[in-house]
Amino acid sequence: QLVLGIETSCDETSASVVAGGRTILSNVISSQVPIFQRFGGVVPEIASRKHIENVMGVIDQALGEAGIGLDDIHGVGVTYGPGLVGALLVGVAAAKTLAFAKELPLLGVNHLEGHIFANFLAHKDLTPPFVALVVSGGHTSLVHVKDYNQFQLLGQTRDDAAGEAFDKVARVMGLPYPGGPEIDRLAKDGDPTAVAFPRALHGQNNFEFSFSGLKSAVLNYLNQVKQKGETVSLPDVAASFQAAVIDILTEKTLQAVQVTGASTVCLAGGVAANSRLRAELTVRCQERAIGFYYPPPVLCTDNAAMIACRAHYKQQAGLCSNFHLNAIPGLRLGES
Ligand code: ATP
Ligand code: MG
Ligand code: FE
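The structure is reproduced here in structure tokens:
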């Protein structure tokens, strides 16, 4: 069973062919990051236009690299939310056109479920149930993945997402966009105990997160040091900020394991590429004999392979979309 996946929710135009839900035959990712570096973030209008320019070429390339033609495909999966509405519409229109022309099943995919399913591509033996920590540019959620098509949202952030906090803090530190990988790198030379940044909602018996206070604390710290005329150690600030984020993510994830009785944890989303987060959870899960999985960096950030994987499991369960499928910018996890 070959599924073509299409992803255009933000600033990556991507298409992929996945066989049997688990084997990537191609995964073409055309990133607009270089375009948005001069703006310090994504400009939605420009992103939509770039998707229109790129999408058919990217699909052609994905089919070509997989060594197949459109007639070999068994289903078309596409991200229909959450994301930027104009960006999502480009992928949805392309997928509908292909599905209609070739009389193929159309599978609308929730982008966040896609991020979780990247783990199935990276780990062939992984099966539900497990707890997923989704940490991306726009979301921070703990999810109990009970089965391939059954998700329970345990809790999420009240304000900023973890990735958003990384990007905003990096920006005020003068680092290029996107800031997550920059802070990850810089923090390796810093002392994570140098500055005691706050851990919001720490020790509370819930699965909610809050990162906007931490972001402000870093801003205030940088301003205070500057006012005193002292020099800031950017590696120390990066390491201390990162430690605060990871402490909270780790604590709440282990709590979710306890409450759900799960024996496996999976990381998902762009921040899942963070080397300290991976290292910390590796140790903490090992201590508790909990299985711990994460995708390689290229499958953590936006890509169409994860969308094709999710689409495969929807198709297996008969969860196909019809041609009324539309972009839903605020689509929530488990709502699909
Ligand atoms: P969403 O999936 O919520 O719609 P998105 O698709 O924009 O948002 P992703 O592509 O999943 O987000 O992830 C991008 C985010 O991951 C950015 O905020 C980026 O800074 C962050 N990120 C990437 N690599 C790392 C890293 N090594 N450490 C920390 N953050 C990282
Ligand atoms: Mg992106
Ligand atoms: Fe994403």
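Each residue of the sequence shown is one higher than the one before, starting from 12 at the first, in UniProt numbering.
We put the CB at the ideal spot given by N, CA and C, even for glycine.
Does the count of Cβ pairs from the region 220-231 and the region 245-258 closer than 8 Å reach three?
-> Yes, the region 220-231 touches the region 245-258.
Secondary structure, alpha helix (DSSP H): runs of 4+ residues fully inside the region 101-163 = You should have 122-133.
Hey, would you say the C-beta of Cys277 is under 8 Å away from at least one heavy atom of ligand 3?
-> Here residue 277 refers to the residue found at position 266 of the sequence shown. In this structure, Cys277 has its beta carbon at no less than 8 Å from each heavy atom of ligand 3.
Taking C-alpha atoms, which residue in Asn216, Gln235, Pro246 and Asp178 lies nearest to Asp200?
-> Sequence index remark: in the sequence shown, residue 200 carries index 189 (1-based). Among Asn216, Gln235, Pro246 and Asp178, the Cα nearest to that of Asp200 belongs to Pro246.
Anticipated Cβ contact below 8 Å, Ala205 with Ser244, distance rounded = As a first step, residue 205 must be located in the sequence shown, where it is residue number 194. As a first step, residue 244 must be located in the sequence shown, where it is residue number 233. A Cβ-Cβ separation of about 7 Å places Ala205 in contact with Ser244 under the 8 Å criterion.
In or out: His150 buried (at least 16 other Cβ within 10 Å) or exposed?
-> Here residue 150 refers to the residue found at position 139 when the sequence shown is read from its first residue. It counts as buried.
Going by DSSP, what residues sit across from Tyr304 in a beta bridge?
-> Counting from one through the sequence shown, the residue named residue 304 turns up at place 293. Beta-bridge pairing links Tyr304 to Cys277.
Would you call Thr264 buried or exposed, if buried means 16 or more other Cβ atoms sit within 10 Å of its Cβ?
-> For the purposes of this step, residue 264 is taken as residue 253 along the sequence shown, with counting starting at 1. Buried: at least 16 other Cβ atoms inside 10 Å.
DSSP-derived helix/strand/coil call for Gln167 | Here residue 167 refers to the residue found at position 156 of the sequence shown. Residue state, collapsed to three classes: strand.
Alpha carbon to alpha carbon, how far is Ser274 from Ala267? Give it in angstroms, no decimals.
-> One-based indexing of the sequence shown puts residue 267 at position 256. One-based indexing of the sequence shown puts residue 274 at position 263. Near 11 Å, if we compare the C-alpha coordinates of Ser274 and Ala267.
Quickly, what does DSSP pair Phe50 with across the bridge? List them, please.
-> On the sequence shown, position 39 is the one that residue 50 refers to. Among the bridge pairs identified by DSSP, Phe50 is matched with none.
Return the CA-CA distance between Gly272 and His134, expressed in angstroms with no decimal places.
-> Taking the first residue of the sequence shown as 1, we reach residue 272 at position 261. Taking the first residue of the sequence shown as 1, we reach residue 134 at position 123. Distance between the alpha carbons of Gly272 and His134 is about 21 Å.
What is the residue span of the alpha helix (DSSP H) that Ile63 lies within?
-> Along the sequence shown, read from residue 1 onward, the residue named residue 63 stands at position 52. For Ile63, the uninterrupted alpha helix (DSSP H) segment begins and ends at Pro55 to Ala77.
What are the partner residues of Ser37, as DSSP defines its beta bridges?
-> Counted from its first residue, the sequence shown places residue 37 at position 26. Looking at the DSSP assignment, Ser37 forms a beta bridge with Val28.
Residue closest to Arg60, alpha-carbon to alpha-carbon, out of Leu81, Ile70, Gln72 and Leu100 = Residue 60 sits at position 49 when you count from the first residue of the sequence shown. Minimum Cα-Cα distance from Arg60 among the listed residues Leu81, Ile70, Gln72 and Leu100 corresponds to Leu100.
Could you pull out every residue in the same chain whose Cβ sits closer than 6 Å to the Cβ of Leu88, ignoring the five residues on either side in sequence?
-> The residue labelled residue 88 in the question sits at position 77 within the sequence shown. A quick correction: the sequence has Gly, not Leu, at residue 88. Same-chain partners within the cutoff: Val14, Gly16, Leu118, Val120, Ile318, Ala319 and Ala322.
Residue 362 - containing beta strand (DSSP E), residue span = The chain is shown only over 12 to 347; residue 362 falls outside these bounds and no answer can be derived.
Tell whether a beta-carbon distance below 9 Å holds between Asn314 and Asn38.
-> Counting from one through the sequence shown, the residue named residue 314 turns up at place 303. Counting from one through the sequence shown, the residue named residue 38 turns up at place 27. Cβ distance < 9 Å, so Asn314 and Asn38 count as in contact.
To the nearest angstrom, how far is it from the Cα of Leu260 to the Cα of Asp178?
-> Within the sequence shown, numbered from 1, the residue matching residue 260 stands at position 249. Within the sequence shown, numbered from 1, the residue matching residue 178 stands at position 167. Note on geometry: alpha-carbon atoms of Leu260 and Asp178 lie some 17 Å from one another.
Given that a residue counts as buried once 16 or more other Cβ atoms are within 10 Å of its Cβ, and exposed if not, what is Asp82?
-> Taking the sequence shown and counting its residues from 1, one reaches residue 82 at position 71. Result: exposed.
Secondary structure at Thr312, three-state DSSP: helix, strand or coil?
-> For the purposes of this step, residue 312 is identified with residue 301 of the sequence shown, where counting begins at 1. Of the three classes helix, strand and coil, the one that applies to Thr312 here is coil, per DSSP.
What number of angstroms, rounded off, separates the C-alpha of Ser152 from the C-alpha of Tyr305?
-> By 1-based counting over the sequence shown, the position of residue 152 is 141. By 1-based counting over the sequence shown, the position of residue 305 is 294. Spanning the two alpha carbons is a distance of roughly 15 Å.
Within 10 angstroms of the Cβ of His85, are there 16 or more other Cβ atoms? Answer buried if so, exposed if not.
-> Within the sequence shown, residue 85 is the residue found at index 74, counting from 1. By the neighbour-count criterion, in which 16 or more other beta carbons inside 10 Å mark a residue as buried, His85 falls on the exposed side.
Please work out which residues of its chain come closer than 7 Å, Cβ to Cβ, to Leu330, disregarding the five sequence neighbours upstream and downstream, and give them in chain order.
-> Numbered from its first residue, the sequence shown carries residue 330 at position 319. Excluding five sequence positions before and after Leu330, the CB atoms of its chain that fall closer than 7 Å to its own CB belong to Asn160, given in chain order.
Count the C-beta pairs between the region 129-144 and the region 277-289 that are closer than 8 Å, then say yes if the count reaches three, no if not.
-> A contact exists between the region 129-144 and the region 277-289.
Could you tell me whether any Cβ in chain C is nearer than 9 Å to the Cβ of Ala176?
-> Absent here is chain C; the protein component of the structure consists of one chain.
Is it buried or exposed for Val103, if we count other Cβ within 10 angstroms and need 16 for buried?
-> Within the sequence shown, numbered from 1, the residue matching residue 103 stands at position 92. Here Val103 is buried. Its C-beta has 16 or more other C-beta atoms within 10 Å.
Under three-state DSSP, which class holds Tyr188?
-> As a working mapping, residue 188 is identified with position 177 in the sequence shown. Reduced to three states, the DSSP call for Tyr188 is coil.
With 16 other CB atoms within 10 Å as the buried threshold, where does Gly240 fall?
-> Start at 1 with the first residue of the sequence shown, and residue 240 comes out as number 229. Of the other Cβ atoms in all chains shown, fewer than 16 fall within 10 Å of the Cβ of Gly240; this residue is therefore exposed.
What are the start and end residues of the alpha helix (DSSP H) that includes Gly174?
-> Locating residue 174 in the sequence shown gives position 163, where the first residue counts as 1. Note, Gly174: alpha helix (DSSP H), Ala173 to Val183.
Beta-carbon separation (whole angstroms), Val282 vs Phe252, contact threshold 8 Å = Looking up residue 282 in the sequence shown gives position 271. Looking up residue 252 in the sequence shown gives position 241. In this structure, Val282 and Phe252 do not form a Cβ contact; the two beta carbons are roughly 13 Å apart against a cut-off of 8 Å.
If you drop the 5 nearest sequence neighbours on each side, which residues of the same chain put their C-beta closer than 8 Å to that of Thr168?
-> Against the sequence shown, residue 168 aligns to sequence position 157. Apart from sequence neighbours up to five positions away, the residues of its chain that approach Thr168 with a beta-carbon distance below 8 Å are His150, Thr151, Ser152, Glu219, Phe220, Ser221 and Phe222, ordered along the chain.
Name the DSSP beta bridge partners of Gly92, please?
-> In the sequence shown, counting from the first residue as 1, residue 92 sits at position 81. Partner(s): Asn121.
If we count the other Cβ atoms within 10 Å of its Cβ and call it buried at 16 or more, is Gln12 buried or exposed?
-> Locating residue 12 in the sequence shown gives position 1, where the first residue counts as 1. Result: exposed.
Counting only the same chain and skipping the five closest in sequence on each side, list residues whose C-beta sits under 7 Å from that of Ser147.
-> Residue 147 sits at position 136 when you count from the first residue of the sequence shown. Hits under 7 Å: His126, Ala172, Gly174, Gly280, Gly281 and Val282.
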